[in-house]
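Data block below; observations after.
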Amino acid sequence: MPIAVRSFAKINIGLRIGPPREDGYHELRTIYQTISLHDVVRVDLTRGAGIEINCKDPRVPSDESNTCWRVADRVLRSLKTRGKVRITIEKGLPVQGGLGAASSNAIAVMLGMERALKRQLAPEERLRIAAEVGSDLPLFLVGGTVLGTGRGEQVYPLDDLPSFHCVVATPSTGVSTPAAFAAWDKQAGDNAKLTGPSPSDRMNTFSHSVYEWLSGSSFSPTGVPSKGWDRAEALLLDLVRTGMENDFERVVFPMCPAIRQVKRSLEREGAKYVSLSGSGSSVFGLFAQRLGEIDVPARSAVTLPRTRYWKEMFRDRVIG
Ligand code: C5P
1 MPIAVRSFAK INIGLRIGPP REDGYHELRT IYQTISLHDV VRVDLTRGAG
51 IEINCKDPRV PSDESNTCWR VADRVLRSLK TRGKVRITIE KGLPVQGGLG
101 AASSNAIAVM LGMERALKRQ LAPEERLRIA AEVGSDLPLF LVGGTVLGTG
151 RGEQVYPLDD LPSFHCVVAT PSTGVSTPAA FAAWDKQAGD NAKLTGPSPS
201 DRMNTFSHSV YEWLSGSSFS PTGVPSKGWD RAEALLLDLV RTGMENDFER
251 VVFPMCPAIR QVKRSLEREG AKYVSLSGSG SSVFGLFAQR LGEIDVPARS
301 AVTLPRTRYW KEMFRDRVIG
């Protein structure tokens with residue numbers, strides 16, 4: 001029997017890009033948050049050899065360039081096992097949408113293979129393989145609210161935020177991540193000629209914003225710990241107040257004005273906090289309360305705290 005794994009998406013709440021490093025990557029600071037939108041990944045291990053990937057979406061590669069393939073290969077080697085790995089991906093998430101779908105699929109394969117083989121990799125080996133295959137994979141080994149540093153692959157679980165209602169709109173304009181980083185470098189080079197905060201100051205202020213955001217919102221103005229809707233509302237208002245943004249907006253919006261329009265539409269629909277996710281093209285809006293019909297083609301979801309992320313991953317029930 002194949003193992004079915006729900007492969008959840010992520011959004012980025014704030015993303016700051018540092019200067020390019022010697023290895024060509026950029027230093028990053030971001031808060032990842034897992035959400036309920038997902039693909040379903042089925043993993044089957046039989047006798048034989050080879051890694052086979054099936055997906056009805058022709059944009060998903062079935063060869064070694066697929067992150068699922070690269071993880072499956074490493075898991076087999078690390079567990080010193082042979083066998084034929086058959087992976088089926090049922091797409092629910094956009095391809096190249098900034099929601100981490102390919103990275104999440106790859107972690108689903110890792111965890112599905114462990115289940116199928118009834119063996120587990122050591123936690124540090126899981127992380128090593130994940131980070132080797134891509135910067136956005138390790139966050140899916142944590143789930144919930146996660147601080148990302150380094151090139152995004154160094155992950156730290158944060159206290160979970162309350163569950164927010166979330167809508168995600170993905171304009172059809174695809175955005176290439178390397179192209180967005182290149183555009184950022186060009187813009188940063190131009191700005192350096194003007195006087196602005198140094199790149200290292202910009203990185204440091206991210207931690208100030210996160211501190212300012214997360215240290216204030218557990219309490220109501222009377223100093224009484226607030227819960228439920230009150231806390232969600234207070235957190236979103238504080239998030240807006242800190243001015244935390246995704247740096248990619250500054251280069252992606254000028255390149256694709258249609259994406260900026262989608263952000264404006266979600267703001268008009270009453271979302272408390274709206275942002276591009278990763279390098280796009282998805283834009284998400286967070287709400288403290290469930291919202292009714294909106295006029296923007298978007299999918300509604302909820303943010304997934306850590307316990308729920310892990311509980312729903314292997315469960316059969318369909319979630320909203
Ligand atoms: O790590 P991943 O394979 O997802 O990265 C894809 C590309 O995005 C890299 O080859 C690099 O060009 C760019 N990148 C970057 N800095 C990061 C993450 C990714 O420049 N922190």
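Quick note: the sequence shown uses the numbering used here, first residue 1, plus one each step.
Backbone N, C-alpha and C fix where the C-beta goes; we use that ideal spot for every residue, glycine too.
Note that the coordinates shown come from a computational prediction; the quantities given were computed from them, not determined experimentally.
Beta-bridge pairing of Q33 - partner residues as DSSP gives them = According to DSSP, Q33 bridges with I11, T145.
ask   = Is P20 near the ligand C5P, going by C-beta to nearest heavy atom under 8 Å?
value = Within the cutoff, so yes.
request  = For T46, I'd like the list of residues in its chain whose CB is within less than 8 Å of its CB, leaving aside the five on either flank, ordered along the chain.
outcome  = So the qualifying residues of the chain are G83, K84, R86.
key: Pairwise C-alpha distance: G134 and S65   = A straight line joining the alpha-carbon of S65 with that of G134 spans about 12 Å.
request  = Please state if the CB of T67 and the CB of L117 are separated by a distance shorter than 9 Å.
outcome  = With respect to T67, L117 sits apart: the two C-beta atoms are not nearer than 9 Å.
inquiry  = Tell me which residues share the same chain as V274 and place their Cβ nearer than 8 Å to its Cβ, disregarding the 5 neighbours each side in the sequence.
reply    = The residues K263, L266, E267, V283, F284, G285, L286, in chain order, have a CB closer than 8 Å to that of V274 in the same chain once the five nearest residues on each side in sequence are set aside.
query = Looking at C-beta atoms only, is the number of pairs between the region 95-105 and the region 30-47 that lie closer than 8 Å three or more?
reply = Enough Cβ pairs lie closer than 8 Å, so yes.
request  = Assuming P162 contacts R231 (C-beta within less than 8 Å), just tell me the rounded distance between them.
outcome  = About 5 Å; that satisfies the 8 Å criterion.
ask   = Who are the Cβ neighbours of E249 in its own chain at under 6 Å, not counting the five residues just before and after it?
value = Hits under 6 Å: L276.
key: Sequence ranges, alpha helix (DSSP H) only - wholly within the region 109-135, length at least 4   = 123-133, all fully within the region 109-135.
ask   = Since I294 is in the alpha helix (DSSP H), which residue starts that stretch and which ends it?
value = That residue, I294, is in no alpha helix (DSSP H); it is neither H nor E in DSSP.
query = For T170, does the three-state DSSP call read helix, strand or coil?
reply = Looking at T170 - three-state DSSP - the assignment turns out to be coil, as it is neither helix nor strand.
ask   = Can you tell which of G174, T170, Y25 has the C-alpha that lies nearest to the C-alpha of A131?
value = Nearest C-alpha to A131: Y25.
request  = State buried or exposed for Q289, treating a residue as buried only when at least 16 other CB atoms are found within 10 Å of its CB.
outcome  = When all chains shown are included, Q289 counts as exposed.
ask   = To the nearest angstrom, how far is it from the Cα of A179 to the Cα of L304?
value = Whole-angstrom Cα-Cα distance: 30 Å.
query = What is the chain-ordered set of residues for which the beta carbon lies under 6 Å from any non-hydrogen atom of the ligand C5P?
reply = Each of Y25, H26, L28, G134, S135, D136, R151, G152, T177, P178, F181 has a C-beta closer than 6 Å to some heavy atom of the ligand C5P; these make up the full list, in chain order.
message = Judging by CA-CA distance, which residue of T177, T307, V75, L235 is the nearest neighbour of F215?
response = The identity of residue 215 in the sequence shown is Ser, whereas the question assumes Phe. Taking S215 as reference, the option from T177, T307, V75, L235 with the minimal CA-CA separation is L235.
inquiry  = Rounded to the nearest angstrom, what separates T30 and N12 at their Cα positions?
reply    = Their Cα atoms are separated by approximately 6 Å.
Beta-carbon contacts of S300 that lie in its chain and below 6 Å, excluding the five residues immediately before and after = Within the same chain, S300 has close Cβ partners V167.
message = Assuming G152 and S281 are in contact, meaning their beta carbons sit under 8 Å apart, how far apart are those beta carbons, in whole angstroms?
response = The C-beta distance from G152 to S281 rounds to 18 Å, too long to meet the 8 Å contact threshold.
request  = Taking all protein chains shown into account, decide if S172 is buried (16 or more other Cβ within 10 angstroms of its Cβ) or exposed.
outcome  = Its Cβ having fewer than 16 others within 10 Å, S172 is exposed.
query = On the premise that V175 lies in contact with S279, defined as a C-beta separation below 8 Å, what is that separation, rounded to the nearest angstrom?
reply = Contact flag correct, Cβ pair sits at about 5 Å.
ask   = Alpha carbon to alpha carbon, what distance is there between R119 and C55?
value = Cα to Cα, C55 sits roughly 26 Å from R119.
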